[in-house]
Amino acid sequence: ILNVEQSPQSLHVQEGDSTNFTCSFPSSNFYALHWYRWETAKSPEALFVMTLNGDEKKKGRISATLNTKEGYSYLYIKGSQPEDSATYLCASLDGANNLFFGTGTRLTVIP
Amino acid sequence: EAGVAQSPRYKIIEKRQSVAFWCNPISGHATLYWYQQILGQGPKLLIQFQNNGVVDDSQLPKDRFSAERLKGVDSTLKIQPAKLEDSAVYLCASSFWGNSEQETQYFGPGTRLLVL
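Here the protein sequences come in this chain order: Y and U. The working numbering numbers the first residue of the first sequence as 60 and each following residue consecutively. The working numbering numbers the first residue of the second sequence as 8 and each following residue consecutively.
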């Protein structure tokens, strides 16, 4: 079982603000780090799968970085929009391809 | 491409009753996962299937939970009898092979269970 932690637990930002969240995971025996966005009443949507130290990935206004040596990943949202309101989950993959999730960061973007 | 389908979307039962959830993964996906997400916590893996075989069920409470994927396609998760602490969202996910760290797991919308 991998202990994955996310902060902050929740966040309220104004439309147009940029924001970022943190995901911490065990750095030993690292395989991959997954980011998901989960809107209420919808399916969790995969954002990124990251495997290499120093990796940076981008999807529109959302980007993520990975530091496997110190065991953290940052998710950035540039110019937040109301449709970005969701819970953002990160998960660390173990050697058996099982995902261990953090508790998520709930983002609310205020118009 | 159709996504992962789950039913029902919502279920309310009384404690000690039985309940079953159904999942149809993305066509061609060999690996299927069931997760339990209790309010305020992250999703927790209950069981992983590779085709119709169980790969990992170490976190499945086997005294009351059971799951099957008889033909290696759709799957059923059952709780019998339900307890109050089983109130949660039950998520099903699938992936193509389940043997690569680069592989994405695709999730269904979940079944929200409330046990009274």
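Note that beta-carbon positions come from the ideal geometry of N, C-alpha and C, so glycine has one too.
Task: Runs of beta strand (DSSP E) lying entirely within the region 60-137 of chain Y, each at least 3 residues, in chain order - done: Runs found: 64-66, 69-73, 78-83, 91-97, 104-109, 115-118, 121-126, 131-136.
Task: Where Tyr-97(U) falls, given that 16 or more other Cβ within 10 Å makes a residue buried - done: Locating residue 97(U) in the second sequence gives position 90, counting from the first residue. So Tyr-97(U) ends up on the buried side.
Open item on the list: Just to check my reading of the structure: Tyr-95(Y) and Leu-148(Y) have Cβ atoms closer than 8 Å, yes? What is that Cβ distance to the nearest angstrom?
Closed with: As a working mapping, residue 95(Y) is identified with position 36 in the first sequence. As a working mapping, residue 148(Y) is identified with position 89 in the first sequence. 4 Å between Cβ atoms; contact.
Open item on the list: Check whether chain U comes within 7 Å of Ser-102(Y), counting only Cβ atoms and requiring the distance to be less than that.
Closed with: The residue labelled residue 102(Y) in the question sits at position 43 within the first sequence. Output row for Ser-102(Y): interface = yes.
Task: Endpoints, beta strand (DSSP E) assigned at Trp-29(U) - done: On the second sequence, residue 29(U) is found 22 positions in, with the first residue counted as 1. First-last of the beta strand (DSSP E) with Trp-29(U): 26-31.
- [ ] Under 7 Å Cβ to Cβ from Asn-59(U), same chain only, skipping five residues before and after it: list those, please.
- [x] Within the second sequence, numbered from 1, the residue matching residue 59(U) stands at position 52. Arg-76, Leu-77, Lys-78, Gly-79.
- [ ] Would you check if there are 3 or more beta carbon pairs closer than 8 Å linking the region 97-113 of chain Y to the region 108-119 of chain U?
- [x] Look at the beta carbons and you see the region 97-113 of chain Y touching the region 108-119 of chain U: at least three pairs across the two are nearer than 8 Å.
Task: Residues of its chain near Thr-146(Y), where Cβ-Cβ distance is below 6 Å and the 5 sequence neighbours each way are ignored - done: One-based indexing of the first sequence puts residue 146(Y) at position 87. Excluding residues within five positions, the ones whose Cβ falls inside 6 Å are Trp-97, Gly-163, Arg-165.
Open item on the list: Under 7 Å, Cβ to Cβ, is there at least one residue of chain Y near Asp-63(U)?
Closed with: Your numbering for residue 63(U) matches position 56 in the second sequence. Asp-63(U) counts as touching chain Y.
Task: Spatially closest choice to Ser-151(Y) from His-71(Y), Val-108(Y), Lys-118(Y), by CA coordinates - done: Locating residue 151(Y) in the first sequence gives position 92, where the first residue counts as 1. The shortest Cα separation from Ser-151(Y) among His-71(Y), Val-108(Y), Lys-118(Y) belongs to Val-108(Y).
TODO: Determine the burial state of Gly-134(U): buried for a count of at least 16 other Cβ atoms within 10 Å of its Cβ, exposed for fewer.
DONE: As displayed, chain U neither begins before 8 nor continues past 123, which places residue 134(U) out of reach and without an answer.
TODO: Would you list the one or two residues that DSSP bridges to Trp-41(U)?
DONE: Counted from its first residue, the second sequence places residue 41(U) at position 34. Its beta-bridge partners are Ile-54(U), Cys-99(U).
- [ ] For Glu-64(Y), I'd like the list of residues in its chain whose CB is within less than 7 Å of its CB, leaving aside the five on either flank, ordered along the chain.
- [x] Working through the first sequence from its first residue, we reach residue 64(Y) at position 5. Result list for Glu-64(Y): Ser-83, Gly-161, in chain order.
Open item on the list: Any contact between the region 134-143 of chain Y and the region 80-100 of chain U? By contact I mean 3 or more CB pairs, one from each, below 8 Å.
Closed with: At 8 Å Cβ cutoff, the stretches do not touch.
- [ ] Alpha carbon to alpha carbon, how far is Gln-73(Y) from Glu-21(U)? Give it in angstroms, no decimals.
- [x] Indexing the second sequence from 1 puts residue 21(U) at position 14. Indexing the first sequence from 1 puts residue 73(Y) at position 14. Distance between the alpha carbons of Glu-21(U) and Gln-73(Y): 42 Å.
Open item on the list: On the CB-based measure, 16 or more other CB atoms within 10 Å of its CB, does Thr-167(Y) come out buried or exposed?
Closed with: Taking the first residue of the first sequence as 1, we reach residue 167(Y) at position 108. That one is exposed.
Task: chain Y contact for Gln-57(U) (CB, 7 Å cutoff) - done: For this step, residue 57(U) is matched to residue 50 along the second sequence. False, the Cβ-Cβ gap to chain Y never drops below 7 Å.
Task: the region 121-134 of chain Y touching the region 22-35 of chain U, judged by at least three CB pairs closer than 8 Å - done: By the Cβ rule, the region 121-134 of chain Y does not count as touching the region 22-35 of chain U, because fewer than three pairs are nearer than 8 Å.
Open item on the list: Taking the straight line between their C-alpha atoms, what separation do you get for Ser-73(U) and Glu-110(U)?
Closed with: To locate residue 73(U), count along the second sequence from 1; it is residue 66. To locate residue 110(U), count along the second sequence from 1; it is residue 103. Roughly 26 Å between the two C-alpha positions.
TODO: Work out the CA separation of Ser-65(U) and Gln-13(U) for me, nearest whole Å.
DONE: Counting from 1 along the second sequence, the entry for residue 13(U) is found at position 6. Counting from 1 along the second sequence, the entry for residue 65(U) is found at position 58. Rounded to whole angstroms, Gln-13(U) to Ser-65(U) spans 23 Å at the Cα level.
Task: Supposed contact pair Leu-46(U) and Cys-99(U) - C-beta distance, whole angstroms, cut 8 Å - done: In the second sequence, residue 99(U) corresponds to position 92, counting from 1. In the second sequence, residue 46(U) corresponds to position 39, counting from 1. No, Cys-99(U) and Leu-46(U) are not in contact; Cβ-Cβ is about 19 Å, not under 8 Å.
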